[in-house]
Amino acid sequence: MTLLTVTNLSKQLGGVKILENINVRVKKGEFLTILGPSGSGKSTFFQLIGGLMLPDSGSIYLGNEKINGKRGYISYMPQTPSLLPWRTVMGNVLLGQELKGKKDKQLAAEMLERAGLGAYKDAYPHELSGGMKQRAAFIRALLSPQSVICLDEPFSALDEFTRLHMQKWLLSIWEEYKKTIIFVTHNIEEALFLSDRIIVFSERPATVKAEFKLPFPRPRKENILFDEQFLAIKQKIFREISGGR
Amino acid sequence: MLARGWRPAAALFLLFLFWELAVKFFETPAWLLPSPSQIFATGISEWTKFYPHLLATVKLAAAGFFIGAGTGLLTAMLLHLLPFIKESIYPLLILSQNIPIIVLAPLLIIWFGFGMLPKIIVITLVCFFPVTIAALDGFRQATPELRQYMYMAGATKGQLFWKLEFPYSLPAVFSGLKISATYSVMGAVISEWLGAQAGIGVYMTLASSSFRTDRVFVAIFFIMILSLLFFFLIKLAERFIIHWQYREDVHQ
Numbered sequence: 001m002t003l004l005t006v007t008n009l010s011k012q013l014g015g016v017k018i019l020e021n022i023n024v025r026v027k028k029g030e031f032l033t034i035l036g037p038s039g040s041g042k043s044t045f046f047q048l049i050g051g052l053m054l055p056d057s058g059s060i061y062l063g064n065e066k067i068n069g070k071r072g073y074i075s076y077m078p079q080t081p082s083l084l085p086w087r088t089v090m091g092n093v094l095l096g097q098e099l100k101g102k103k104d105k106q107l108a109a110e111m112l113e114r115a116g117l118g119a120y121k122d123a124y125p126h127e128l129s130g131g132m133k134q135r136a137a138f139i140r141a142l143l144s145p146q147s148v149i150c151l152d153e154p155f156s157a158l159d160e161f162t163r164l165h166m167q168k169w170l171l172s173i174w175e176e177y178k179k180t181i182i183f184v185t186h187n188i189e190e191a192l193f194l195s196d197r198i199i200v201f202s203e204r205p206a207t208v209k210a211e212f213k214l215p216f217p218r219p220r221k222e223n224i225l226f227d228e229q230f231l232a233i234k235q236k237i238f239r240e241i242s243g244g245r
Numbered sequence: 246m247l248a249r250g251w252r253p254a255a256a257l258f259l260l261f262l263f264w265e266l267a268v269k270f271f272e273t274p275a276w277l278l279p280s281p282s283q284i285f286a287t288g289i290s291e292w293t294k295f296y297p298h299l300l301a302t303v304k305l306a307a308a309g310f311f312i313g314a315g316t317g318l319l320t321a322m323l324l325h326l327l328p329f330i331k332e333s334i335y336p337l338l339i340l341s342q343n344i345p346i347i348v349l350a351p352l353l354i355i356w357f358g359f360g361m362l363p364k365i366i367v368i369t370l371v372c373f374f375p376v377t378i379a380a381l382d383g384f385r386q387a388t389p390e391l392r393q394y395m396y397m398a399g400a401t402k403g404q405l406f407w408k409l410e411f412p413y414s415l416p417a418v419f420s421g422l423k424i425s426a427t428y429s430v431m432g433a434v435i436s437e438w439l440g441a442q443a444g445i446g447v448y449m450t451l452a453s454s455s456f457r458t459d460r461v462f463v464a465i466f467f468i469m470i471l472s473l474l475f476f477f478l479i480k481l482a483e484r485f486i487i488h489w490q491y492r493e494d495v496h497q
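Going down the list, the protein sequences come from chains L and E. The opening residue of the first sequence carries number 1 in the numbering used here; numbering runs sequentially from there. The opening residue of the second sequence carries number 246 in the numbering used here; numbering runs sequentially from there.
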C-alpha cells in the first residue's frame, strides 16, 4: 500500500532550480533512503513534504490527503539532535505527542528502556553523549503520532564507530515498530546497509536519477557489508553518482 | 564566592580607609563630608528611626519591580506575537525612556495625587524597558533547527512560543530583570522625594535640608545595599529556574 506519493515536485529558491520533477512513492512500513551529493536539495525535499514551504508545482499526498504546505503530517528527526535543553529525556521524547494531543508516558518509558536510555529518563540533554542524544531524538520521532518519519542525515555528526553502532541500533528498533521511514544521507554504505530501497538524486537541480531495490534479508546482519552482492550494488551506485559529473 | 570576593572587599576597605584619613587630615567639617566611621555611628544610633523608612522603600520598590517587570514581559510578548503592533509601538517605547523622570514625577503627582499610583507608575517606567528589550531579544534566540523541528511537528504559534521561544528566552529575560531590580530601588527613592509618608527618599530630603550630611550618606549606603540585595535575589532565582544552563557550564 502506498502511503506517501510525491508527483512532479519542483522547487526554485532565489531563482535557482533545486528540485525538478521529483516522483517518489513510499510504501507503508518501508525504509526508503534518498541518496545524493551534499547540496543536492535533500533538505529542501524534506522541507517541502514537511510543509515548511510550498512547491512551485507538483503534489504531495499522504494516503488520500493532499498535504502541500501542511505542517504536522510528517515526523522529523533533524541532523542535530535538537532536544530542548530544559526538558529531561522523558520530557523531550514526549514533545511530538504533546504537540498533537495525547501523551503516552508508559509507551515512552518502555521505548526508552529498549533504546538503552532507561537509566537516563530523568537526565537532561547536556548529560548525554552525542549518540545518546540522537537515540532520544529518534525515539521522539518514533513516538510522534505521524505515520512517516523523515531522518535528515542523523548520523553524519557521529564518529565512524558510533555510527555503525547507531545504524544497528536503529535497525533493531525499527524492525520492531515498522514505521515508514524516509532516510536522507550522502553515505552509500549507510544507505545500502539500512534500506529496502534507495533513490539516487542527481546534482542540482535534483532529479531522481536511479532507483535500487535491495535484496538483503531482514533482520540485517553486519556481515552483508562484505557480501559480493552488496559490493556490486555499491559499485553501481557509485558509478551512477560519479558518472553524471 | 569568598575566594573571588576578597579583591573587591579589599578595594572597598582601602577606599574607606583613604576617605577616613583624608577627612581626618584635612579636618573637613561633618556637614560637608562626614568620615565613614561617623556615618557608621550615625547609622547605628539612627537605626530605630531609619528602619520604618527602609521598610517602606523595600515594599514600594518590590511592588514596583513586580509590576514593572510584569508590564515589561507582557509588552514584549505582545510585540513579539503581534508584529504589526511592534512596528508602530517600538519607537514609542524608546521615547518613553527619554522623558526625564524628575520632570514627569511632579506631573504624575498633580494628576494622581500622593497615593501609591504615581509612585508605581514612576518605578514601572524605569523598570519595564530593560525587561522588554531583553525579552524581545530572547524570544528570537531559539536556534533555526529547533524552530524547524517544532514547525515540522505541527506546532501552532502558541505552542512554538510557550514550548520553545519563551523557555529559550529566560537567560536573556533574567539579564533584563537584574537591571530592572537595581533600577527599581532608584525609582522608589525618586518617587518618594515627591512626597510620601515614609521612605528612604523622605528621610533623605529631610536630612539634606537640615544639613545632616551623615544621615544623607546613611541613606545612600542603604540604597546601595538594597540594590545589591535585589540583584542577588534575582541571580538566585535565575540559578534556580535556569538550572539546565548552569549545570551545562559546570559540565564543560
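Where is the CB? At the ideal position from N, CA and C, for every residue including glycine.
{"Check": "Nearest residue (CA-CA) to S40 (chain L), options L:A206, L:I182, L:G130, L:Q235", "Outcome": "L:A206"}
{"Check": "Assumed close pair Y73 (chain L), I67 (chain L) - CB separation to whole angstroms, cut-off 8 Å", "Outcome": "5 Å"}
{"Check": "Cβ-based neighbour list, L54 (chain L), same chain, cut-off 7 Å, excluding 5 preceding and 5 following", "Outcome": "N68, G69"}
{"Check": "Expected contact under 8 Å - CB spacing of T427 (chain E) and S472 (chain E) to nearest Å", "Outcome": "4 Å"}
{"Check": "Neighbouring residues, chain E, relative to G50 (chain L) (Cβ below 7 Å)", "Outcome": "M397"}
{"Check": "C-alpha gap between L481 (chain E) and I339 (chain E), whole angstroms", "Outcome": "30 Å"}
{"Check": "Nonlocal neighbours in the same chain, by C-beta distance under 7 Å from E228 (chain L), ignoring five residues either side", "Outcome": "none"}
{"Check": "Identity of the residue in L:R114, L:F46, L:S82 nearest Y413 (chain E) by Cα", "Outcome": "L:S82"}
{"Check": "Rounded separation between G15 (chain L) and R204 (chain L) - CA only", "Outcome": "13 Å"}
{"Check": "Straight-line gap, M90 (chain L) to F193 (chain L) (C-alpha atoms, nearest Å)", "Outcome": "30 Å"}
{"Check": "Straight-line Cα distance separating L35 (chain L) from Q167 (chain L)", "Outcome": "16 Å"}
{"Check": "Nearest neighbour of W298 (chain E), chosen from E:A443, E:I468, E:F475, E:E483 [CA to CA]", "Outcome": "A small correction: the amino acid at residue 298 (chain E) is His; Trp does not occupy that position in the sequence shown. With distances taken between Cα atoms, H298 (chain E) lies closest to E:A443."}
{"Check": "is_contact[K498 (chain E), chain L] using C-beta, thresh 9 Å", "Outcome": "As displayed, chain E neither begins before 246 nor continues past 497, which places residue 498 (chain E) out of reach and without an answer."}
{"Check": "Cβ-Cβ distance between M214 (chain L) and R239 (chain L) below 9 Å", "Outcome": "What sits at residue 214 (chain L) in the sequence shown is Leu, not Met. No, Cβ-Cβ distance for L214 (chain L) and R239 (chain L) is not below 9 Å."}
{"Check": "Sequence-distant residues of its chain with Cβ nearer than 6 Å to S280 (chain E) (five each side left out)", "Outcome": "E265, V268"}
{"Check": "From E:V463, E:W292, E:L327, E:Y296, residue whose alpha carbon lies closest to that of G403 (chain E)", "Outcome": "E:L327"}
{"Check": "Neighbouring residues, chain L, relative to L391 (chain E) (Cβ below 8 Å)", "Outcome": "S82, L84"}
{"Check": "Chain E contact for L62 (chain L) (CB, 9 Å cutoff)", "Outcome": "no"}
{"Check": "Stretch pair the segment 445 to 462 of chain E + the segment 365 to 378 of chain E: three plus CB contacts closer than 8 Å", "Outcome": "no"}
{"Check": "Cross-chain neighbours of Q404 (chain E) in chain L, by beta carbon under 8 Å", "Outcome": "L99"}
{"Check": "Contacts of R135 (chain L) in chain E (Cβ-Cβ under 9 Å)", "Outcome": "Those within 9 Å of R135 (chain L) in chain E number zero; the least Cβ separation is about 16 Å."}
{"Check": "Proximity to N23 (chain L) [Cα-Cα], best of L:L13, L:Q134, L:S57", "Outcome": "L:S57"}
{"Check": "CB of P219 (chain L) within 9 Å of CB of E175 (chain L), strictly", "Outcome": "yes"}
{"Check": "The segment 410 to 425 of chain E: positions lying closer than 7 Å to chain L by Cβ", "Outcome": "P412"}
{"Check": "Where the alpha helix (DSSP H) containing R25 (chain L) begins and where it ends", "Outcome": "Unbroken run through R25 (chain L) is the beta strand (DSSP E), 16 to 27; no alpha helix (DSSP H)."}
{"Check": "Neighbour list for Y120 (chain L) in chain E, Cβ cutoff strictly below 9 Å", "Outcome": "Simply none; closest approach about 14 Å."}
{"Check": "Beta-carbon neighbours of S156 (chain L), restricted to chain E and to distances below 7 Å", "Outcome": "Chain E residues near S156 (chain L): none, gap ~14 Å exceeds 7 Å."}
{"Check": "Touching by the beta-carbon criterion (3+ pairs, under 8 Å), the segment 415 to 425 of chain E and the segment 376 to 385 of chain E", "Outcome": "yes"}
{"Check": "contact_flag[the segment 115 to 124 of chain L, the segment 85 to 102 of chain L] where n(CB pairs < 8 Å) is 3 or more", "Outcome": "yes"}
{"Check": "Per-residue DSSP class, three states only, for K209 (chain L)", "Outcome": "strand"}
{"Check": "Bridge partners - D152 (chain L), DSSP secondary structure assignment", "Outcome": "L:V184"}
{"Check": "Proximity winner among E:M431, E:R460, E:V461, E:R457, relative to F310 (chain E) (alpha-carbon distances)", "Outcome": "E:M431"}
{"Check": "F31 (chain L) (DSSP reduced to helix, strand or coil)", "Outcome": "strand"}
{"Check": "Proximal residues to Q84 (chain L) (C-beta, below 8 Å), its chain only, five neighbours per side dropped", "Outcome": "Before going further, note that residue 84 (chain L) is Leu rather than Gln in the sequence given. Taken in chain order, the residues that qualify are G91, N92, L95, P125."}
{"Check": "Any C-beta of chain E under 9 Å from that of S129 (chain L)", "Outcome": "no"}
{"Check": "Terminal residues of the alpha helix (DSSP H) in which F216 (chain L) lies", "Outcome": "No alpha helix (DSSP H) contains F216 (chain L), which DSSP labels as neither H nor E."}
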